[in-house]
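One structure below.
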Amino acid sequence: VFTFNTVEINVQPSVQVRNGDPMSIVCHADISKSTDFQLKHNFTIFKDGKLVFMTVSDKGDAQYEVSMARSSDTGDYECTVEAGGKTKSSNSLHVWVTGMTKPILTAEKKEVLEGEVVKLRCELPEEVPPLYFFFRKIKMNSTPKEKHVFEPYRNFSVVEFSVEEGDNILQFDCYGRRNVKLKFESSEHSNKTLVTVREPFIKPTLNTKPSSNITEGDRIQFECSTVVARMRGIEIILQKNKTILKSVRDEKLLKYSAIATLEDSGEYLCKVEQGRASKTTKLNVVVSELFPKPVLSASMSTVDENKELTLSCSISGFRKANFSILRKNSNGDIWLKNSRNLTMRVNVNDTGSYICKAEVKGIVKESKPVRIKVYAPVSKPALSVASGLPEVVLGKPLRLICRSVMGTPPIIFTFYKGNEVKKTVINDTYATFLDEDITLNDKSGYKCDARNNHSSGIKTSNILNITVIDPFSSCLIFIGLGEMYTYCETAFLCSVKEGSWPIHFRIFRKTDHEVLLFEKSENADRIMWRKEAMNRQDTGTYYCMASNRANVDVKSHPITISVILAAWQKGVIAAFVLILIAGAVTLTLWWFLYKKKKAKGPSMEMSGSALATNLTSEKLARQHNDGDFYSGSGYIEDNENHMKTTDESKGPELESAEVEYTEVEVSTLDPHRAPVQKGTETVYSEIRKANN
């Protein structure tokens, strides 16, 4: 019987080993046995999970020897022991091999020309990627130039360095770097590799003829040359302010000439290129002025149309020159005259910029432009309202437009209200003014004037008078009856407290939908509409609306009217039903009474009946023809009572009845229910005298 107590792993001489030194990885198994017997042990050592060593021994120890430790040996080591079907592993142990192998640098060429490239290869033998490579180009008396490359899968890298102008003797080296446990470790620098540089051509020379005292009008010649080792591919370029003036290929001399001007002063550059090689030479050239720029003057900068304008061109301290006067144009300057002076009668189309040119010894100079503005006089302005009509609704702003049909812009427009200046506007042909301070008593007229830089001065418009429309300032009053009997006449009064005439009135009835019953426009603040007969279908809500030119609709409070049957109408219906039930009996009785009346006094009955009929007709006619509103309900109730009295007085009382007429003073009706009554109304009432 046996059992594993522990399995341990360690490194000798320590867990941190210098690069190149030997090291040993030792695995030890501590086993307890019941008796002393031999036991075979299978030792396995792993690095970063990969098998690196395996052995079988009857001893409890095994050793993995590394003669020269390298950075690639850095990692986590673990030991596993298997014996008699039992297995046990040690803890993990990190071993760090410090330092890296020295890199090896090689150059593809030991000698190169300017403009060529140097190809370098840096290798870190026995190192395991990923690795970082750093290359340096070392030039005497200058800071080294460095390039770096990351190589994830190989232990070497290749880069190229260009050879520039001025590179003579170059040195290169490299070093490596790796990342261990989030820490960077660098190798020592490689051997230095020497590369010599040869010039493919010499630095160019740049000269001018003449070399000094160059004046405008002189012919100046540039020469740029070089000495080359191989002519093929050589190119010479002459530049000024990055502008290429001339270039030649496969030649060692460049020539360029031109007539000197002031603009030719400056720095010139001669550049020689071959492949990637390039060399330059600079030369500063100064050109003296032959004569100053001409100056153009005008007799005036703003001119009235059809007036004369004089343009004069001159050169300070210099008179012998060829002058010409031109007008600037986007499509090319327009020649006017070859002369120092120009006089012309102008119109508005002559507005623009003018220049003059002067020529001496082939040198042409141009003056600064002079701006000339020709003005046509403004026409008399017209003042109008933007909405068209010369009116405004009280409380709303008034927008005015002042327009001048003719005149050269800009035009200065001034608006007046009365004699007070309200606004000044500068525009081309028109201007607008918004007056928001409108009152009902505004009597001031409006006017405007227009002017420009023409000498004719200010033109003033006609005075514009504005009508101020006063919209309704209060609610409408609507008069009607609350309850109405059928066949009664009804008057509707719709009025406003104040507002500008004419006023458009409309009366509506609203049930399930709105129905327009009446509309009319009047030069008054009220209107009355009479409806002669009211039926039960006329039951509903009534209201009226009014509007004027302010285009504001004002609505009255609604009034609900109910149309019902009068008491006498109900009686007629009941009597008709009774007559149908007792027709025969009633007919016999009526016949008997009729015969009896006829026997006693036929003449008196006829006269009395005719009189009563005439009186009733007269009462109805007077009521319909009355100009003011009178409540129909009261009259019909009186008629009902009269009918009852007449029926009760049938027989002897009818013969002795007398009819009297009198004038009655009627008090005025409620003004909220009907128009005010004026004067005395005569009402004819029948007063019958009964025996009792």
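Under UniProt numbering, the first residue of the sequence shown carries the number 1, and numbering increases by one thereafter.
Note that beta-carbon positions come from the ideal geometry of N, C-alpha and C, so glycine has one too.
In the same chain as residue 128, and ignoring 5 residues on each side of it, the C-beta atoms closer than 6 Å to its own belong to 72, in chain order.
Pairing residue 374 with residue 347 gives a Cβ-Cβ distance under 8 Å. Pairwise C-beta distances place the stretch 442-451 in contact with the stretch 414-434, as three or more of them are shorter than 8 Å. Annotation for residue 62: the continuous beta strand (DSSP E) segment containing it runs 61-66. Between residue 440 and the set 409, 407, 397, 423, the nearest pair of CA atoms involves 397. Rounded to whole angstroms, residue 114 and residue 193 show a C-alpha spacing of 18 Å. Close CB contacts of residue 455 within its chain, under the 8 Å cut and outside five residues either way in sequence, are with 304 (chain order). Note that the C-beta distance between residue 175 and residue 103 is below 8 Å. Pairing residue 139 with residue 173 gives a Cβ-Cβ distance that is not under 8 Å. Remark: C-beta atoms of residue 257 and residue 220 approach each other more closely than 8 Å. Around the C-beta of residue 95, 16 or more other C-beta atoms lie within 10 Å, and the residue is accordingly described as buried.
Counted as a single uninterrupted DSSP element, the beta strand (DSSP E) harbouring residue 44 occupies residues 41-47. Here residue 163 carries a coil assignment [DSSP, helix/strand/coil]. Just so you know, the alpha carbons of residue 300 and residue 325 end up roughly 16 Å apart. Counting only runs of 3 or more residues that sit fully inside the stretch 185-224, the beta strand (DSSP E) segments are 193-198, 205-209, in chain order. Under the three-pair Cβ rule at 8 Å, the stretch 309-329 does not count as touching the stretch 376-392. Residue 82 sits away from residue 19, with the two beta carbons spaced by 8 Å or more. The bridge partners DSSP lists for residue 146 are 136.
Distance from the CA atom of residue 206 to the CA atom of residue 254, rounded to whole angstroms, is 9 Å. Around residue 509, the same chain offers 515, 517, 540, 542 as residues with beta carbons nearer than 6 Å, after the five sequence neighbours per side are excluded. Annotation: the continuous beta strand (DSSP E) that includes residue 235 extends over 235-240. When the five nearest sequence neighbours on each side are left out, the beta carbons in the same chain lying within less than 8 Å of the beta carbon of residue 278 are those of 115, 165, 271, 272, in order along the chain. Residue 246 carries a strand assignment under DSSP once its states are collapsed to helix, strand and coil. A straight line joining the alpha-carbon of residue 312 with that of residue 295 spans about 8 Å. Under the three-state reduction of DSSP, residue 38 is assigned to coil, being neither helix nor strand. Going by DSSP, residue 290 is part of no beta strand (DSSP E) at all; its letter is neither H nor E. DSSP places residue 112 in the strand class (E or B) of the three-state scheme. Looking from the CA of residue 356, the closest CA among 362, 332, 328 belongs to 328. By the Cβ neighbour-count rule, residue 55 is exposed, with fewer than 16 other Cβ atoms within 10 Å of its own. Going by C-alpha positions, residue 548 is about 10 Å away from residue 393. Under the three-state reduction of DSSP, residue 340 is assigned to coil, being neither helix nor strand. If you compare the alpha carbons of 264, 522, 89, 438 with that of residue 504, the shortest gap goes to 522.
Residue 442 and residue 405 have their alpha carbons spaced roughly 29 Å apart. In this chain, the beta strand (DSSP E) harbouring residue 372 covers 370-375. Residue 530 and residue 431 have their C-alpha atoms spaced approximately 53 Å apart.
For residue 588 and residue 491, the gap between their C-alpha atoms comes out near 46 Å.
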